[in-house]
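Chains as they are written, first to last, in our numbering: chain U, 46 to 405; chain L, 46 to 405; chain F, 46 to 405; chain Z, 46 to 405.
Protein chains: 4
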Amino acid sequence: MIIHMAEGATSDQVQHVIDRIMRDYGLRCETIVSDTTVIGVKGIAAIVDEGRISELPGVDRVIRITEKFKDASRTFHHEDTVIDVSGVRVGGPHLTVFGGPCAIESEQQALDSARMAREAGVDVLRAFVDKSRTSPYDYRGLELRRGLEIARAMKAETGLPIVSELIDLRHLQAFVDAGVDVIQVGARSAQYSPLLEELSRINVPIILKHGFGNDMSEWLCAAAYIMSGVDREGRATAHGNTSVILCYRGIKSFESETRFSADISMIPLVRTKSHLPLIADPSHSSGDRKLVERVAYGFIAAGAHGIEFDIHSNPAEALCDGKQAVGREAGRIVENMRRIHAMLAGVGMESGATVMAPAK
Amino acid sequence: MIIHMAEGATSDQVQHVIDRIMRDYGLRCETIVSDTTVIGVKGIAAIVDEGRISELPGVDRVIRITEKFKDASRTFHHEDTVIDVSGVRVGGPHLTVFGGPCAIESEQQALDSARMAREAGVDVLRAFVDKSRTSPYDYRGLELRRGLEIARAMKAETGLPIVSELIDLRHLQAFVDAGVDVIQVGARSAQYSPLLEELSRINVPIILKHGFGNDMSEWLCAAAYIMSGVDREGRATAHGNTSVILCYRGIKSFESETRFSADISMIPLVRTKSHLPLIADPSHSSGDRKLVERVAYGFIAAGAHGIEFDIHSNPAEALCDGKQAVGREAGRIVENMRRIHAMLAGVGMESGATVMAPAK
Amino acid sequence: MIIHMAEGATSDQVQHVIDRIMRDYGLRCETIVSDTTVIGVKGIAAIVDEGRISELPGVDRVIRITEKFKDASRTFHHEDTVIDVSGVRVGGPHLTVFGGPCAIESEQQALDSARMAREAGVDVLRAFVDKSRTSPYDYRGLELRRGLEIARAMKAETGLPIVSELIDLRHLQAFVDAGVDVIQVGARSAQYSPLLEELSRINVPIILKHGFGNDMSEWLCAAAYIMSGVDREGRATAHGNTSVILCYRGIKSFESETRFSADISMIPLVRTKSHLPLIADPSHSSGDRKLVERVAYGFIAAGAHGIEFDIHSNPAEALCDGKQAVGREAGRIVENMRRIHAMLAGVGMESGATVMAPAK
Amino acid sequence: MIIHMAEGATSDQVQHVIDRIMRDYGLRCETIVSDTTVIGVKGIAAIVDEGRISELPGVDRVIRITEKFKDASRTFHHEDTVIDVSGVRVGGPHLTVFGGPCAIESEQQALDSARMAREAGVDVLRAFVDKSRTSPYDYRGLELRRGLEIARAMKAETGLPIVSELIDLRHLQAFVDAGVDVIQVGARSAQYSPLLEELSRINVPIILKHGFGNDMSEWLCAAAYIMSGVDREGRATAHGNTSVILCYRGIKSFESETRFSADISMIPLVRTKSHLPLIADPSHSSGDRKLVERVAYGFIAAGAHGIEFDIHSNPAEALCDGKQAVGREAGRIVENMRRIHAMLAGVGMESGATVMAPAK
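This is how it looks when you write it as structure tokens:
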């Protein structure tokens, strides 16, 4: 951490900053004095709250060098983390495909979609009981108990692990009891700390999306909430939950032609910054099934560990409407992603050589 | 609602759309046929889920005319809503000032700040027990019970109503029991539907911020969650909570010199679109206390019903650091805001004449 | 300027950076060595090209302290600049109103609008001959010579100075010959350096808008192009043009309800960062004449030195359409802006005390 | 085009809109009358200026169906356009690689980089004489004549066609005389209409970037400026220049970890919307050479017709700094892009079947 003092800051103000950093965090400082003063904090300043330092008299700005999202950062954990989802591996050298219906609407539609997804070659099945909606008038899913019953049936029918989004933290135990293999956190809950704290206390792997208003640092700090198990009073609880899979989906921008702006540079960047597995969601980023296939290929070629995408059960309707193409093409998409992944295995990330190292 | 069919859509597809809108919503349609077909839905289509219509075969796009955020919309409620906060009126012709410390850190700091805020002339006191933070390592507030005790003491000391942010929905009863007069929903919870649904079942007024990734429509839909009392199955519960005060704070943009981009045009626009009281937060939008005063004046001149801002208890420290100026200037800021508000009362919103009408 | 070296940077790499800064810019450095090395550049580093430094081997990042936009920065010019526009003063303690038709469409419409603008009390008249358009099929203005004739007639008719936007740099002489009192640079030309360089060689005051994709630093760097008169080879020409008036209009964001997001915090911020006069454009920022009046009041209350807005000549049409309200209300808007400005003269910018100092 | 009339619009206002569309554009309308009136314009409304219609009394909003960027739109030109750049083909089934130094700094550096680029397998060589810069103090390139001499030498040395960015429109003839094979338009000139108009009058192919504040429609409208040859008065000149290659580079967003946000969905989307060849720039979008390789693979897998990227001449320096990796890896990157392109030829764009059709 580097602290730049304002023009005209007094030597007392400089000393005050140095004393506070020693007192609160046990870290020593050194200075460069010119027209203004630069204070360099020596040692790892990951948990220093720069907001509190920047409030001190005479401080112009605080420049953070060590990332705040310590638990999720590759700086402190050099090798790729590989996560086991009921026998399916995610991260490191593996390519993992998550797919299935956007939401469970009925038993028939859910089981049809599940079979189609298994035939297409997905590794983990989407079985979404709740649907987070912007408007209270829109469809928010079946009744919880009924939805979880169908999710269980989808798992039994296909033999695949299932992923389901948890919105209401009071439903966590019901999800665990129903045998959900991966719990997903969606955009609208992505910074809701009470939910993240609950997830830090269980042993089920998590897929963590980011809010469409969050930058990379906020996203990885949300991962740190789940991983650290630090509670409100700053105490680490017995354990955190380190099985976090990041899922990128893009952010809001002024471009309205696509649903979100899924910055392709974020894929290799997040791979460099974090040791966690990184998947991406071509369905929700593009918002248009005509674009999904090529966007999926782009994500994999850029270095994603996998994809989560929507597969629909109604190929008849798909035949007369281009929008439903992903029903028909799911198998081809999975196959081509595997070919791209195999072709580029280990290529092009040498500058962060440890990035591609298999986890121990 | 207008539906534009894609080039090449069949007459069967057109009929299918018309039939679905009749079947699901009981609304009739009419068409204009040219190179492509335009379908006009007759009547109020506020609760039609355009997502479900746009999925139908042959549909190119759906254009919503009636806003989705029905309960919050001025279309369905022409006159300004005025909300009573323990005797303080918010909205309509009133100017209301919410102020106090950003967070309760200790009894001494909280009571000092409370007295300073009362002297400055605020109407409702900030008494924030919880602090939502991006990083799990940052300060998240005192222990809940202790924090609420101090909040109660602030209220007793000043005789002012208090506002406090509720993050964990499981703490709602404790907030109500502690006599919190207004419950605030913050950016990170602004689309967390289980919390919004809980707030629809109480009688305490709400201040609703928007997420920094939310647009106007998403914000007003969040208000509709609280106001409608519609539950997951689409049933209206016994009552919703119509006492919602909107608080604007700006959104993220590519400009990094200010914390958020607080679009001044949103103030008169939201006044036109919604009948709810609208306040703004100059402290969190600008992120720099040097800017707060003039930003506050800007919001009031643009038509806001009030301001919520941070007042700090340490004038001594403020004297040696320009950042703390709001401590010293709070009284002057409140006074000037009242002068601007009085000078412009009722001016410049004629084109939406009902906007300024006093509530019944 | 502070340079942070990457983990593992060698002492040779550190020395290489220090040597380059001495060789290219004659500035000395000092270091703090810890896990990584921090290099502090001593002295004013405004013109150092941080891009070239950040390319050097071993450099992690370069942190600029002194703003790049030297000529426009208050750091190097403490007092407000006041600009004389043919007798009308802009900046410092003055409030200046620029107004008139968005574009000249015919002699009749132009002269009618001009008279209406003079009666409303504007100080400088908009007389826009060219119109920059996104699409080649949209109206781009009358033929140049005819347009300038009408502009001249508007000036003669009202006795007011005129402002006109210059798009094609090859028309500069024609503008000067026609007696244009202020030349405006629009959003689409705001970073077109050949035009900015031409404007640095004349004596006519400039109103400089920013591109809707530009941040504050890019905007003030464009001002520095005009003010510095530095040519392509880095040589200062005989003189630059220091008479630059900044005009804020907002940027693109994901909010689509308003045309641009005009961040109100930018008004007091730019006042602090630059000594140049700062006006704002409520017509083009909000994109909706129903919002213009209150947005104008917001800008002035926040500290703007004036407003440039569109006034229309067709009150009959305006009577039957709320959109044309600014025709009718122009006089009231100007009057209320003057009242707000007078009421707040010198208030609330103490923390940057020099900001409000009258220019010598 | 669909026009929605405001609530309370009179039948005279409706008729006035219908009359104006007939009078100005010769197009007929039909209406649907309900609580409000919907007007459907019959026929192709590409060149209707919706801004003029939306100003008419009683109009609520205008919904454009036919894209404005007519010349660039696939709606009016179904098959892929293939452009010949001095024997190198761009677009359709071809993959084309543009590469070389970011700017010419000296003869030695330029020729070394040129040879390296040829060995890496690029098809067209970057030979950039001018450099557009945000700050007037930054390096803006060698003196024009000297720069063009070196560009000519790079072409002679390698036998490859060259691409060079034209900033100052007064230099166009010098570029043509120097044998520049493709003229590039950069971000800061991307909406500067006098330059676009000049380029519509020559026969040299153009690479058109978009401004970092432009959306897709503005970008394709800029292409339409070059292609249409429509002048200021709306008259088509003898010919336009239809040889336009689009180059995507991403836009500004609130994410600051990458230079621009390069939305991967834009690649297949622009392929669908326009018949023009589409390449992408992984160097300037990511802003970090550690990310370039994987971003390049992502663009190609998503459907880009090629890449333009920076190749540096100093492999020695690159060896001691990860940032310079593109020097060393250029050959491998080109090779892998060709493998990805071959593997996915024609896959996944069926829903827009004409997209992949070879040009005649």
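Backbone N, C-alpha and C define an ideal beta-carbon position, used for all residues, glycine too. No experiment lies behind these values; they were computed from the predicted model shown.
Beyond the five residues adjoining it in sequence on each side, LEU101/L comes within less than 7 Å, by CB distance, of HIS61, VAL62, ARG65 in the same chain, given in chain order. Collapsing the DSSP output to three states places ASP213/F in coil. The way I'd put it, the region 189–206 of chain L does touch the region 141–160 of chain L; three or more beta-carbon pairs between them come closer than 8 Å. Here CYS147/F is not bridged, per DSSP, to any residue. Residue-level contact by beta carbon fails for ARG191/F and chain Z, as no gap is shorter than 7 Å.
Under the 7 Å criterion on CB atoms, TYR342/L is classed as interfacial with respect to chain F. At a C-beta separation below 8 Å, ILE47/F has no neighbours in chain Z, since its nearest C-beta there lies roughly 18 Å away. Against LYS113/Z, the close residues of chain F are THR179, SER180, TYR182, ASP183, in the order they occur along the chain (beta-carbon pairs closer than 9 Å). Secondary structure at HIS61/L: helix, using DSSP grouped into helix, strand and coil. With its beta carbon less than 7 Å from one in chain Z, ILE110/L belongs to the interface. Under the 7 Å criterion on CB atoms, GLY53/Z is classed as non-interfacial with respect to chain L.
When 7 Å is used as the limit between beta carbons, PHE299/L is near these residues of chain Z: LYS297, SER298, PHE299, in chain order. It is roughly 38 Å from the alpha-carbon of ILE77/Z to the alpha-carbon of ARG373/U. Secondary structure within the region 81–159 of chain U: the alpha helix (DSSP H) runs of 4 or more consecutive residues, fully enclosed, are 95–99 (chain order). Taking a contact to require three or more Cβ pairs closer than 8 Å, the region 384–393 of chain F and the region 342–351 of chain F qualify as touching. For MET272/Z, the closest alpha carbon among the candidates GLY224/Z, GLY96/Z, ARG294/Z, GLU243/Z is that of GLU243/Z.
Following the DSSP letters along the chain, one finds PHE344/F inside the alpha helix (DSSP H) bounded by residues 334–346.
Under DSSP, the beta-bridge partners assigned to PHE354/Z are GLY144/Z.
Contact with chain Z is absent for LEU140/U, since none of that chain's Cβ atoms lies less than 7 Å from the residue's Cβ.
By the C-beta criterion, the region 325–339 of chain U is judged to be in contact with the region 307–316 of chain Z, since at least 3 inter-stretch pairs fall below 8 Å.
Closer than 9 Å at the C-beta level to chain L, one finds these residues of the region 225–257 of chain U: ALA232, ARG233, SER234, ALA235, GLN236, TYR237, SER238, PRO239, LEU240, LEU241, GLU242, SER245, GLY256, PHE257. The shortest C-alpha to C-alpha distance from ALA375/Z to any of SER328/Z, GLU300/Z, HIS350/Z is the one to SER328/Z. At a cut-off of 7 Å, the C-beta of GLY85/Z has a neighbouring C-beta in chain L. Under the Cβ distance rule, ILE92/L counts among the residues neighbouring chain U, one pair being separated by less than 7 Å. The closest CA to that of ILE296/L, considering only GLY274/U, ASN259/U, ASP326/U, is found on ASN259/U.
Following the DSSP letters along the chain, one finds ILE296/F in no alpha helix (DSSP H), marked with neither H nor E. At least 7 Å separates the beta-carbon of VAL130/Z from that of ASP222/Z. Cβ neighbours of MET67/U within its own chain (closer than 8 Å, five residues either side excluded): ARG73, CYS74. Boundaries of the beta strand (DSSP E) around GLU75/F: 74–78. The alpha-carbon of HIS350/Z is positioned some 15 Å away from that of LYS254/Z. Counting C-beta pairs with one atom in each stretch, the region 102–109 of chain Z and the region 48–59 of chain Z have three or more that are closer than 8 Å, which means they touch. DSSP links ASP308/Z through a beta bridge to ASP308/U. Residues CYS147, SER328 of the same chain have their beta carbon placed closer than 6 Å to that of ASP355/U, with the five preceding and five following residues left out of the count. Taking all protein chains shown into account, GLN229/L has 16 or more neighbouring C-beta atoms within 10 Å of its C-beta and is therefore buried.
Burial state of GLU112/L is buried, judged by a 10 Å Cβ sphere holding 16 or more other Cβ atoms. In the displayed model, SER180/F falls within coil according to three-state DSSP, outside both helix and strand.
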